[in-house]
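Here the sequence shown stands for residues 1 to 580, where the numbers follow my numbering. Data first, discussion second: the structure below is written as structure tokens.
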Amino acid sequence: MGRRGIEIDGRGVFDANAVANYNAVSSGDLHDAYRSQHQGGVMVMHSSDITFNDTYERNAKQWNYETHSAHSVTFNNIKALTPYQQPWVDGTELASGQDITANGVFTLGNDDAFASGHHNPSNGFTPLASGVWNNFKLGTSSADVQGYVNAVGAYDTVSDDLGFDSNQWDNEDSKNISVSNTLNWTVNGGNAIRLGYQTNGYKLTVYTFDNFNSLSAPAGGILAMNNSNTYPRIQSIVVKNSSVDNSRYTSGPISVNGGNGTTQTVTADQQANYGYAPNPDGSGATYSYTKSPIGAVNLDNVWFSKQNTGNTITGVTNATLNNLRVAGQLVEYTSQLPLTTSGVGTLNTTYTDGNGQTQNVKAGALTSGDTWVGAWTGDQTSNNSSDLTLITRNTGGGLMGEQYTTGSGGGKLSYIQFPLGSLTRSPSQATLHLTYVGHRYSSVPSTDTDQLLVQPVSDTTCTGGGTSCPVNTMTWQNRPSFTATSSSVAKSATFTLGSTLILEGGGTHQGNAIDGRDITVDITSFVQNAYAAHQSTLLLAVGDTGTNHELRFVSSEGATGSGKLTNATADMAPGLTVTP
């Protein structure tokens, strides 16, 4: 505390020696601020021009690496391992400070991978502050007098050693905090990035994260402003080239909540007894300020492991989401990252297409599953949901060939499913998009024409007489049963077959050329009916009108992943666009 111009280098180990403090909740020296003073691993407090190079800390009782009202602090290639399931052990907790850089961070903790804006972590206990007595049930028949005496002793000891009390640990705004090249595991609870939990009326301004990687945090991903007391005013948050493993989340991983223009009050008692930001006029009297929006939020090339609902951005002047990935797929449709917004001045959601061009994320859905099924004897029991292409071929027996039963012909149908959960109202228009690969027969002129036919179907009414034929197990013998009529189907515009040939064979056709045309079908009524019926998904059967034209289209597996079609891009996957 109160130091400047210090550099610490080498492979030395800071051992916080907290193992003995990991006790049951009902006994021992617990982590709660009102029971004992905060004990971190490596703490930089009220100091400046401090550098840590290649240092290792372990066994923190509470936070691993942390700063409090520090200036110009640099952490290079630091490690922190606290593997015990104890709350409060953040990977890096830059509670407050200015011009702080952490580059090269490897942590194992039990709470937030990174956090900032948790001011005065031990202000939960000030001996005569209002509310503290209640924690120890003083004045009741079950009073914990000894616990209170122990806490007073700890409080007085630490305050005497530091020369000031807990309320003065964090006593200024935070700004210019940069974190890069990290790998952070969380064992017990916490978030990937948490900003603004307990700022006590101070400001948080510019935060930048680059190549920040969080694993296994169960609570949240990028979390800002879920404050427990006062609203912090943030200027900007940038997260780029980063990843968040949200496999344990139940919602999120984005929750950014800025101000809404209402008034925030800081009382005289909060200033006097709990370390809240003082009245700017120096009087200590109760004062108010406006909860202003976050200036800018920029998420660029950020990867999330799982799709969840419950993503929110509120109270932000400018928000930009670019090249986000969810479950390994580039976000091209709004359904891939369901997002609720309010009080956002400008929202830009974009991605880079296969040609390197920036495109707006489309309102609608990427397929959640697709397959094709074949009527030929050798195809009838095969599930093709992992194939790189979808196939249609009409050999008769119903308008789409859906009634064919003999097994000697080569009829084929494709089935495509879309999630509808992101729809907030019935769309005025809905369009199916399929990327055309090519056709089978060299004997068919390239000028021949065909037309796609599409009909909604149910995977609970099946040809095998059963009530379950989902995409991932569907075969010709057990697939949705339906009858296509001229009034029940939607049709694409007529298109020529073109000169790209995809010959029959058992291979994946991975290296084949791709025609690349976007074949569209207006399916507005299908989506409107599904929405009105409160369906969570829409399953479509897709065939063609041509006689013995075998056509191929890019499947979801063919568009992305290490084994995709060589010439395919992510935006070639089957998609559904909607107009509100």
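Each residue gets a CB set at the ideal place from its N, CA and C atoms; glycine is no exception.
Between the region 393-400 and the region 509-529, the count of Cβ pairs shorter than 8 Å is below three; the stretches do not touch. Note on geometry: alpha-carbon atoms of Gly2 and Asp49 lie some 11 Å from one another. One thing to note: Val105 has its Cβ within 9 Å of the Cβ of Thr182. Bounds of the beta strand (DSSP E) holding Thr317 are 311-322. DSSP places Gly153 inside the alpha helix (DSSP H), whose first and last residues are 145-162. In the structure shown, Gln336 adopts helical secondary structure according to DSSP, grouped into three states. Of all alpha-carbon atoms in Phe125, Ser283, Thr51, the one lying nearest the alpha-carbon of Asp156 is that of Phe125. By the C-beta density criterion, Asn17 is exposed, having fewer than 16 other C-beta atoms within 10 angstroms.
Between the region 352-370 and the region 414-423 there are three or more C-beta pairs closer than 8 Å, enough to call the two in contact. For a cut-off of 8 Å, the C-beta gap from Ile6 to Asn53 is around 12 Å, too long to register as a contact. Comparing C-alpha distances from Arg517 to each of Ser525, Leu503, Gln37, Ser499 shows the shortest one belongs to Ser499. When the beta-carbon positions are compared, Ser555 and Thr389 come within less than 9 Å of each other. Using a C-beta cut-off of 8 Å, the region 271-281 makes contact with the region 161-168, since at least three inter-stretch Cβ pairs fall below that distance. Taking 9 Å as the cut-off, the Cβ atoms of Gln417 and Leu539 count as close.
If you draw a straight line from the Cα of Phe212 to the Cα of Phe495, it comes to about 47 Å.
Secondary-structure assignment with DSSP links Val326 through a beta bridge to Phe304, Gln329. Ser216 is the residue among His118, His46, Thr473, Ser216 whose C-alpha sits nearest the C-alpha of Ser305. Non-local C-beta neighbours of Asp300 in its own chain, meaning closer than 6 Å and more than five positions away in sequence, comprise Lys240, Asn322, ordered along the chain. With contacts defined by Cβ atoms closer than 9 Å, Lys291 and Arg233 form a contacting pair.
Straight through space, the alpha carbons of Gln477 and Ser214 are spaced by roughly 45 Å. Counting C-beta atoms within 10 angstroms of its own C-beta, Gly546 has 16 or more neighbours from the protein chains shown and is therefore classed as buried. Taking Lys137 as the centre and dropping the five residues before and after it, the same chain places the C-beta of Ala143, Asp144 closer than 8 Å to its C-beta, in chain order. Spanning the alpha carbons of Ala493 and Asp450 requires a straight line of approximately 9 Å. By the beta-carbon neighbour count (other beta carbons within 10 angstroms, threshold 16), Val471 is buried. Closest in alpha carbon position to Tyr34, among His68, Gly131, Asn76, is Gly131. The continuous alpha helix (DSSP H) containing Asn135 extends over residues 132-135. The Cβ-Cβ distance between Ala113 and Asn184 falls below 9 Å. Our two residues, Gly345 and Ser236, have alpha carbons roughly 14 Å apart in a direct line. Within a 10 Å sphere around the beta-carbon of Leu128 sit fewer than 16 other beta-carbons, which makes this residue exposed. The alpha-carbon separation between Ser174 and Gln357 amounts to approximately 37 Å. Where Ala559 is concerned, the enclosing alpha helix (DSSP H) starts and stops at 556-559.
By the CB criterion at 9 Å, Ala375 and Tyr404 fall inside the cutoff. Here Val13 is exposed, its C-beta having fewer than 16 other C-beta atoms within 10 Å. With at least 16 other beta carbons inside 10 angstroms of its own, Gln336 counts as buried. Ser69 counts as buried, since at least 16 other C-beta atoms from the protein chains shown sit within 10 angstroms of its C-beta. A straight line joining the alpha-carbon of Gly221 with that of Arg325 spans about 14 Å.
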